[in-house]
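Worksheet for the structure shown next.
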Amino acid sequence: MRAYVKDIEKVAATLRLGEESCADRKEKFESLSEQFKRSEDPIHHHMAQVMISFLAGLFVGECTFEEIKDNLDLERWFRLPKSHERRIHGHRHAGIRIVIEGPTLIPALDAHQQHPEPFTVDDLLPYRTTQEPSCQQQARNRRKVMRKARSKKKRPLLLAGLERRYRET
Numbered sequence: 086m087r088a089y090v091k092d093i094e095k096v097a098a099t100l101r102l103g104e105e106s107c108a109d110r111k112e113k114f115e116s117l118s119e120q121f122k123r124s125e126d127p128i129h130h131h132m133a134q135v136m137i138s139f140l141a142g143l144f145v146g147e148c149t150f151e152e153i154k155d156n157l158d159l160e161r162w163f164r165l166p167k168s169h170e171r172r173i174h175g176h177r178h179a180g181i182r183i184v185i186e187g188p189t190l191i192p193a194l195d196a197h198q199q200h201p202e203p204f205t206v207d208d209l210l211p212y213r214t215t216q217e218p219s220c221q222q223q224a225r226n227r228r229k230v231m232r233k234a235r236s237k238k239k240r241p242l243l244l245a246g247l248e249r250r251y252r253e254t
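Numbering-wise, the sequence shown is residues 86 to 254 according to my numbering.
Below, the structure is given as structure tokens:
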């Protein structure tokens with residue numbers, strides 16, 4: 086087990102921001118995956134497969150977004166989009182919560198940067214009548230329709246409603 090822990094620490098070191106550039110870390114990540122692939126150990130083979138599947142999303146943007154860091158402590162304590170929702174396990178997927186609630190969630194994620202002290206009632210009072218953006222409402226409505234369309238029980242009702250609306254126009 087200790088040998089595998091050391092291998093995982095090597096992989097984790099390639100993902101950590103440090104003195105090395107993004108290109109160097111990516112090169113080390115790829116060489117580690119090749120090393121694990123050539124090994125005869127089945128666990129190393131599995132590690133290599135996982136690393137290769139994550140590679141597409143880990144070093145996205147040719148290192149241009151290197152300065153963007155996650156504030157993981159805040160994400161744990163508040164209902165904010167978690168880092169895994171922003172980059173689902175290394176794959177190129179935004180996550181449904183960001184797609185639907187993104188227009189209001191993303192500004193809330195970085196609110197602490199412009200306002201370092203805790204929010205008071207007076208700070209939040211101007212926002213009490215704020216409406217949800219129309220794009221967010223539309224995304225929520227589209228999701229409802231698509232969920233009904235996927236449901237075997239609700240699909241006939243959805244199709245009947247669509248047919249009725251078509252005939253009315």
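Where is the CB? At the ideal position from N, CA and C, for every residue including glycine.
Same chain only: Cβ atoms within 7 Å of residue i, ignoring 5 sequence neighbours per side
i: W162; result: Here W162 scores only 49 on pLDDT, less than 50, and its place in the model is too uncertain to base an answer on.
i: A133; result: S118, F121 and K122
i: D126; result: none
Proximity below 8 Å, CB of residue i to CB of residue j
i: C113; j: T99; result: Sequence check: residue 113 is Lys here, not Cys. Yes, the pair counts as a contact, with Cβ atoms nearer than the cut-off.
i: D208; j: H200; result: yes
i: V90; j: M136; result: no
i: S124; j: H130; result: yes
i: I185; j: R228; result: yes
Close Cβ partners of residue i (< 8 Å) along its chain, the five nearest in sequence each way excluded
i: R240; result: K233 and A234
Own chain residues within Cβ distance below 6 Å of residue i, not counting five before or after
i: H174; result: Bear in mind that a pLDDT of 48 at H174, under 50, signals an unreliable position, so the number given afterwards is only what the model happens to contain. Around H174: no qualifying Cβ.
i: A221; result: This sequence places Gln at residue 221; Ala is not what is there. Cβ within range, chain order: P188.
i: R110; result: T99
i: L140; result: none
Residue i Cβ short of 7 Å to the ligand ATP heavy atom set
i: P127; result: Among the ligands in the structure shown, none appear at all, so the ligand ATP cannot be discussed.
Member of the options whose CA lies at the smallest distance from the CA of residue i
i: V230; options: L243, Q216 and K237; result: L243
i: P192; options: T214, V206, P218 and G246; result: P218
i: S116; options: E104, L102, D92 and A88; result: D92
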